[in-house]
Each structure stands twice: as structure tokens, then as C-alpha cells.
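Residue numbers (this note's numbering), protein chains in the order written: chain H, 117 to 351; chain A, 117 to 351.
Virtual Cβ for every residue (Gly too), placed ideally from N, Cα, C.
Bear in mind the structure is a predicted one, so any value in this text is a computation, not a measurement.
What follows is a short report on a single structure.
There are 2 protein chains.
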Amino acid sequence: MNGTLYLVGVGPGDPELLTLKAARILGAVEVIAFPAPREDSALALEIASPHLNPDAARVPIPLPMSIDRAIGRTAYNEGAQAILLHLRAGRDVAYLCEGDPLFYGSAMYLIDRVGREAEICIVPGVTSLTASAAAIGRPLAARNEMLKVLPAPLPDAVLRSELLSTDAAALIKIGRHFDRIRALLEETGHLGGAMIVEHATTGKERITPLAAFAHTDRPYFSTILTYRGAEAWGR
Amino acid sequence: MNGTLYLVGVGPGDPELLTLKAARILGAVEVIAFPAPREDSALALEIASPHLNPDAARVPIPLPMSIDRAIGRTAYNEGAQAILLHLRAGRDVAYLCEGDPLFYGSAMYLIDRVGREAEICIVPGVTSLTASAAAIGRPLAARNEMLKVLPAPLPDAVLRSELLSTDAAALIKIGRHFDRIRALLEETGHLGGAMIVEHATTGKERITPLAAFAHTDRPYFSTILTYRGAEAWGR
């Protein structure tokens, strides 16, 4: 009988923000797989490490930094094969996901590839979105307001139109798009209500109003939350 | 010295989906406050109950079902006063929030009212959104796709325009708006990719493609997730 693949959200950074379910599963499975974009960076593994079964085998899944779809497909095919070797031998595997497995993560690429041969169990986690809102102490959105999650690589025209038609938005995957995003937020009237949160819930957490963020600075592991009319939300 | 107010996300329903941090705090505080919309319904309390300090005082905060803002303000003022009595006596208080405290919750109304007198600590939680995606086994959104969270009471014209311009959306607060929302999703080409999840992560969980949801049925505690092009997501 094949093992089960657990896709486990490990939350935004603080190891105490794993769920009880995630901690239980990670303490029990025989194999821990995790995305390893580069040799030195496996954030999901770092977050989960206090909770891992110390005897578990560790299977890094090298992820390409390339945006080429064909290269990505090959990498996920190989990762799925590495995981399937364990599942076919009857061993349960947990695949670690930063934040939540199905919120802009890599876990979705495994569901299709592994799901035909093995049981899959998905454990949702705390996202960087709600963690960033908690750090700021301000709602993501409230009452009947819409909330838009906007990946920064979207084209200017799309971002402009989406920002103009909402009071609340979260901008993710900012990286090298920071200058564009800052300009678009200013143009669409969001600069005053925008906060940038870096490394939410970790020792390196830093919260800065976007208007005060130094132009020469570059944000890391960051989310920008904007909320127009933020001064009135509690009333 | 005044006590601390913890705004604690208790997750979507399964008591094992509390975070380790939430469970630690709820096991320690002397006072547990919770929203009680009606005599018989205190979902956040029900979810958290296995983790509560058994000796803690319990303080229900009656929430009005009315959408009148003035009535709401009075209720939150009174709730904040009830909590402040304990904080001023030096007792720590945890206020339980379904899902996450700052994702469309009632906790935001307490921040302003209590924050001037006491320390506030916000513990983010798993939302019904990611929990519903986990139940379906399908991403909320991926790659550079936007995700819109749309409260069902928004006007038709707004919902129509927002649905037409996105592949991925989550519809919340559906209740009596179900027929309108179903019609709008069909009109905007989302019916095929829409799933309705009721009571996510609880024993009463039920997942139905929206197209197959009986017209005479009424969904409870539900979220509709729609994802156009869902058949191609894993590739």
C-alpha cells in the first residue's frame, strides 16, 4: 500500500504559527520533502525545523529560478518522481510549503503528478497576508469591501485598473518590481494607506509606511498592504 | 499594570487548525471573550473549546445581527468596556476570532477602543479561504494570477465587472445572496470553475460544484471559489 503525501502549510515564518495538525504530521512522517530554490535557501524547512521527526529522511526538491515553463515542468516531474519513490515504498511524505499550500505555492504542481498513485492530504496554513495584517494591526478588508491580491509582475495597465477600483489590496511577489509598484500605488491614490511588511512574524520583521520607504532601499520577503480610508476602519 | 488583549484567530473549524501560538495563549489566559451573535451560536468558542484554560472566566460579547452602524457601534463600545474591566484589573484577555482576526472579522472594532489603554497582540489564523481550497484540492490562485475576495452583498454591477476581469475569485458572506451570486457567476463565465464549500474542515464539510448545487438548497457557512481554466493548473 502506498504512503500518503501531506502538503503542509508551515505558515509565514514564526515556527509557533504552524497549526497543531501540521506539527503533529511533521513529527510523525518518515520523509520530509521541501522546495530548495538554491543551495542555501530553504525557508519552509527553516520554519518547520523545530517540529520535524528527527529521524525523517530529507528530500530537497530543487526548484528552478527560471520563469521558463518547460524548465519548470521538468523540475516538478523530477521532484514528483523523487517523492513517489518513497510513497511507493509505503512511506508517508510531508512536503513543506511556506504559508499555505494552495495560495501561490509550488504544491499545486505535485497534486496532479502524485495524485494518481497516492492519497493526498492538504493542511492549510497561515498566509503572509494575514500575518502582515496582524503585524500592522489593521484589517486586510472589512464589512463589504473587496480585497484584491495582485502579483506585482502583472502589466501596468492591469494593476492600474484593479487598484483604481478597490479600497483594499495586497501586492505580492514584489522583488524587482518595487519601483513600478510604488509609482502605480501613488498614481492610483493608494500611497497614503500603503504599508510594506518585510519578513513578517520573524526576528527580521520590519514595517514601514510605503511613503517613508527609502527609494534606495529594496524590500525582501515583503508584502505591501494598502487600505484606503484606513483611518476610519475601527468605527 | 493593565493586562494584554490577545486577538486570536482560531481557524476555520477543525480545532486542530489552531496555531501552536493560539493554543498556548488560550491555555494560559485568565479571561476568554468571544463574539456571541445569538444565544445559541458562538462558533469561535466551539472551535477553541478543547484548548481553553478550564479556569478562565468566559465573557460573551453580544453582537448585533443588525446592519445599522449606530447599533453596531453601541454593541462594540459595550463589548470593549466589558473587556477593559478585566484588563484594568491586570488580567490578560483573549478574544476569539473565527478564521483570522483581521480578515473580515469583528476584532478590528476592538483595536481602536481598547488599544489606548492596553497592549494588543494579534495572532493570525487559517482563513476559511485557504481551508476551502485545501478541501477542494485546487489552488486559490497561482503564478501571476490575481485573486479577488468579493463579499456577496456588493452591488450587481460591481460584482459583474470584477468577475469579468479575473480568473480567480472567492465569494464570501453568501447567505441570502446565493441566487444572485449564482446568476452572476454564470453570466460572467465562472459557473464551470466554481465550487461551493460548506462548513470547511468540520464534520459537516460538503463540497459541491456550483453547477450541480440544487436550486432549492441553501448553503450554510459557505465560500464559493471560482478558478477559470482550473483544468490546466497543475501543468
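8 Å Cβ cut-off: residues of chain A touching residue i
i	result
K137(H)	D130, E132 and L133
P325(H)	Residues of chain A passing the Cβ test: none, with the nearest at roughly 18 Å.
P117(H)	In the sequence on display, residue 117(H) carries Met and not Pro. By Cβ distance, chain A contributes nothing, its closest Cβ being about 21 Å from M117(H), past 8 Å.
Residue burial classification, residue i (beta-carbon count within 10 angstroms, cutoff 16)
i	result
T135(A)	buried
P178(A)	exposed
H331(A)	exposed
A144(H)	exposed
M311(H)	buried
M117(A)	exposed
Y343(H)	buried
R351(A)	Interpretation of R351(A) is limited by its pLDDT of 46, a score under 50 that renders its predicted location unreliable; the figure taken from the coordinates is listed afterwards. Looking at its Cβ environment, which holds fewer than 16 other Cβ atoms inside 10 Å, R351(A) is exposed.
E261(A)	buried
P335(A)	buried
G74(H)	Summary: the structure shown does not reach residue 74(H), with chain H confined to residues 117 through 351, and so no result is reported for it.
A328(H)	exposed
T190(A)	exposed
P151(H)	buried
D184(A)	exposed
D272(H)	exposed
D333(H)	exposed
G127(H)	buried
Nearest residue (CA-CA) to residue i, options the options
i	options	result
T304(A)	L279(A), L121(A) and S244(A)	L279(A)
A210(A)	P335(A), V175(A) and S244(A)	V175(A)
L263(H)	F337(H), V313(H), F150(H) and A285(H)	A285(H)
I297(H)	S281(H), R322(H), P267(H) and T324(H)	P267(H)
L341(A)	R334(A), I323(A) and D333(A)	I323(A)
A203(H)	A152(H), R229(H) and D333(H)	Reading off the sequence, residue 203(H) comes out as Leu, not Ala. Answer by Cα proximity: R229(H).
R292(A)	L307(A), T339(A) and Y192(A)	T339(A)
R140(A)	L307(A), G127(A), G309(A) and N169(A)	N169(A)
N193(A)	E162(A), D208(A) and I227(A)	I227(A)
G308(A)	E321(A), P180(A) and D283(A)	D283(A)
P180(A)	A223(A), A158(A) and P153(A)	P153(A)
Under 9 Å between C-beta atoms of residue i and residue j
i	j	result
I288(A)	V265(A)	yes
A164(H)	I148(H)	yes
L354(H)	A234(H)	Nothing can be reported for residue 354(H), as the shown portion of chain H is limited to 117 through 351.
E314(H)	F294(H)	no
A316(H)	A251(H)	yes
L142(A)	H167(A)	yes
G215(H)	G206(H)	no
E146(H)	G129(H)	no
A172(H)	L212(H)	no
G125(A)	G253(H)	no
S248(A)	S281(H)	no
A198(A)	Y225(A)	no
Beta-carbon separation (whole angstroms), residue i vs residue j, contact threshold 8 Å
i	j	result
L218(H)	I238(H)	7 Å
L133(H)	P240(A)	7 Å
L256(A)	T246(A)	7 Å
L270(A)	L301(A)	With 8 Å as the limit, L270(A) and L301(A) do not qualify as a contact, their Cβ atoms being about 13 Å apart.
Chain H contact residues for residue i, given Cβ-Cβ distances below 8 Å
i	result
N260(A)	P267, P269, L270 and K289
Interface residues of chain H facing residue i [CB-CB closer than 7 Å]
i	result
G309(A)	The contacting residues do not exist; G309(A) stays about 15 Å from chain H at best.
Y220(A)	A257 and A258
A247(A)	P240
D216(A)	T246
Cross-chain neighbours of residue i in chain A, by beta carbon under 7 Å
i	result
G238(H)	Residue identity check: residue 238(H) is Ile in the sequence provided, not Gly. What I238(H) touches in chain A: A250 and G253.
V242(H)	T135, P240, G241 and V242
Contact list for residue i against chain H, beta-carbon separation under 9 Å
i	result
K264(A)	M262, L263, K264, V265, E278 and T282
Chain-ordered chain A contacts of residue i [CB-CB under 9 Å]
i	result
D208(H)	Those within 9 Å of D208(H) in chain A number zero; the least Cβ separation is about 17 Å.
P178(H)	What P178(H) touches in chain A: nothing, since even the nearest Cβ is about 19 Å away.
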